[in-house]
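Quick note: the sequence shown uses our numbering, first residue 875, plus one each step.
Everything below concerns the one structure shown next.
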Amino acid sequence: MAARDRYSRKLECAMCGHSGYAEVSEDDMPTRKDPDFRVDELPRGFATERPSKYPDKHMIRCRCGHIFKFQQKTVYAAGGEPRR
Numbered sequence: 875m876a877a878r879d880r881y882s883r884k885l886e887c888a889m890c891g892h893s894g895y896a897e898v899s900e901d902d903m904p905t906r907k908d909p910d911f912r913v914d915e916l917p918r919g920f921a922t923e924r925p926s927k928y929p930d931k932h933m934i935r936c937r938c939g940h941i942f943k944f945q946q947k948t949v950y951a952a953g954g955e956p957r958r
């Protein structure tokens with residue numbers, strides 16, 4: 875089984891301001907055709923609207939009903955930045 879990179883990412887709703895940190899992971903194999911992005915845990919008040927193996931296509935729904943992309947210009951938890 876391949877290793878996975880794990881990191882935390884702050885989610886923040888632009889409509890109501892609700893926020894929290896999501897725990898996510900991606901495949902650690904650079905030769906793989908996709909990153910196999912997965913949301914391992916979402917903060918209360920957020921849900922996956924449309925899953926994707928790519929973080930820039932994974933859609934999140936806030937408790938207020940606003941839907942947005944997972945990958946945005948948001949803040950990472952300390953030490954939670956993904957490797958490049």
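The beta-carbon is built from N, C-alpha and C at its ideal position, and this holds for glycine as well.
For cysteine 938 and methionine 889, the gap between their C-alpha atoms comes out near 8 Å. Looking from the CA of leucine 916, the closest CA among Leu885, Asp879, Arg906, Arg878 belongs to Leu885.
Around the Cβ of isoleucine 934, a 10 Å sphere holds 16 or more other Cβ atoms; the residue is buried. With respect to the 8 Å criterion, arginine 883 and aspartate 901 are not classified as neighbours on the basis of their beta carbons. Secondary structure of threonine 922 (DSSP, three-state): strand. The DSSP-derived three-state label of arginine 883 is strand.
With fewer than 16 other Cβ atoms from the protein chains shown falling within 10 Å of its own Cβ, proline 925 counts as exposed.
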